[in-house]
Amino acid sequence: MDLVTTPLRMPADWRDFFALTKPRVMTLVIFTGLCGLLAAPGEIHPVLGFAAILCIAVGAGGAAALNQWWEADLDAGMKRTARRPVPAGRMDRESARDFGFALSGGSVVVMGLAIGWLAAAILAISIFYYAWVYTVWLKPRTPQNIVIGGGAGAFPPLIGWVAVTGHITWMPVVLFLIIFLWTPPHFWALALFVQTDYAKVGIPMLPVVAGEKATRRQILFYTLVLVPVSLVPWALGGAGLVYGVAAALLGLGFLVLAMRVGLRDSAPNDKMKPEKRLFGYSVLYLFALFAALVLDRFAGLQGWA
């Protein structure tokens, strides 16, 4: 009797598990969380500060893994995401799910025990917001998914601030709001030049549902709101001159690029240079803005609320 053998499935490599955490996205999450922690009034022991940032990073990684577990079929249908561990066949969905739950739950518990349960509760809310509110509920149902879901990525500086102070004031809420308003122009700039991927798998991103012209107008609208809100910490005395000048200059650059995108009706997909420039600049903008906040803190030029 001939025996038919099936090749053994090799276990996922550590790099596949690392890829599940979306390390590029996590970099921004870690940085804004760290800036929130460093900019907060008061002090935290370096070991506890490191633990807080590690929990933010691990929690974000867990939420990203849960996102990829849930969206594995969608990811397989999009060129941009088809090489992720689960759709590429390097990992089964159950492993991604279990990894995501383990990271998410572990990060919340450690945050609570080491830092405090208010910070842990906000971390838990951020994970739930991204993994369920955005991924499961909003993303497949409404073109406003990224607007409402933008709150998921806005929590890190709030968590970092609370880790130091133990409470919430208006200043970290404004930092949350800055990232919340930054997310639509940042993400829609990307969506404009990968919209065919979203259309192919039926995700109702704004360019797919409302068209390019409406998306461009929305990018400009949110930028017009973002720029003055980014100046609020300086205007109300929560940050000083270093931050104020940086926010004004960075906001001006953001606005110029957003106008180039927002004031034209459409463009061939291979000629979306303004959109790609805006997307790249938006990442630099957020890094630089929060770095300025920390520099301002250590320059001692702020009033802090």
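Residue numbers for the sequence shown follow UniProt numbering, so the first one is 1 and each next one is one higher.
Just so it is clear, CB atoms sit at the ideal spot from N, CA and C, and this is done for glycine as well.
Predicted, not measured: the structure shown is a model, and the values here were computed from it.
Separation of the CB atoms of T196 and L206 is rounded to 14 Å, and the pair is thereby denied contact status at 8 Å.
Secondary structure note for T135: it is in no alpha helix (DSSP H), with a DSSP letter that is neither H nor E. Around the Cβ of E94, a 10 Å sphere holds fewer than 16 other Cβ atoms; the residue is exposed. Sorting L38, V109, Q68 and H186 by C-alpha distance to the C-alpha of M91 places Q68 at the top. One Cα belongs to G112, the other to F290, and the distance between them is close to 25 Å. Excluding residues up to 5 positions away in sequence, G100 and A131 lie with their Cβ nearer than 6 Å to the Cβ of L66 in the same chain.
The beta carbon of H186 lies closer than 6 Å to those of S282 in the same chain, with the five residues before and after it left out. Taking 8 Å as the cut-off, the Cβ atoms of V58 and L103 count as close.
The way I'd put it, the region 27-42 does touch the region 161-179; three or more beta-carbon pairs between them come closer than 8 Å. The alpha-carbon separation between V147 and T21 amounts to approximately 22 Å.
Between the alpha carbons of Y222 and A82 lies a gap of roughly 30 Å. Secondary structure at L236: coil, using DSSP grouped into helix, strand and coil. For G153, the closest C-alpha among the options K213, D296 and L28 is that of L28. Per DSSP, Y281 is one residue of the alpha helix (DSSP H) stretching across K273 to A299.
The continuous alpha helix (DSSP H) containing I30 extends over residues P23 to A39. In this structure, the alpha-carbon of F128 lies about 27 Å from that of L192. Residue state for Q144 is assigned as coil, using DSSP reduced to three classes.
Put simply, the backbone Cα of Q144 is about 11 Å away from that of Q218.
T32 and K276 have their C-alpha atoms spaced approximately 23 Å apart. One thing to note: P274 has its Cβ no nearer than 8 Å to the Cβ of L286.
Here the C-alpha atom of T165 lies approximately 36 Å from the C-alpha atom of A189. DSSP places F155 in the coil class of the three-state scheme, outside both helix and strand. Secondary structure at E94: helix, using DSSP grouped into helix, strand and coil. DSSP places M259 inside the alpha helix (DSSP H), whose first and last residues are L241 to G262.
Our two residues, A210 and A199, have alpha carbons roughly 12 Å apart in a direct line.
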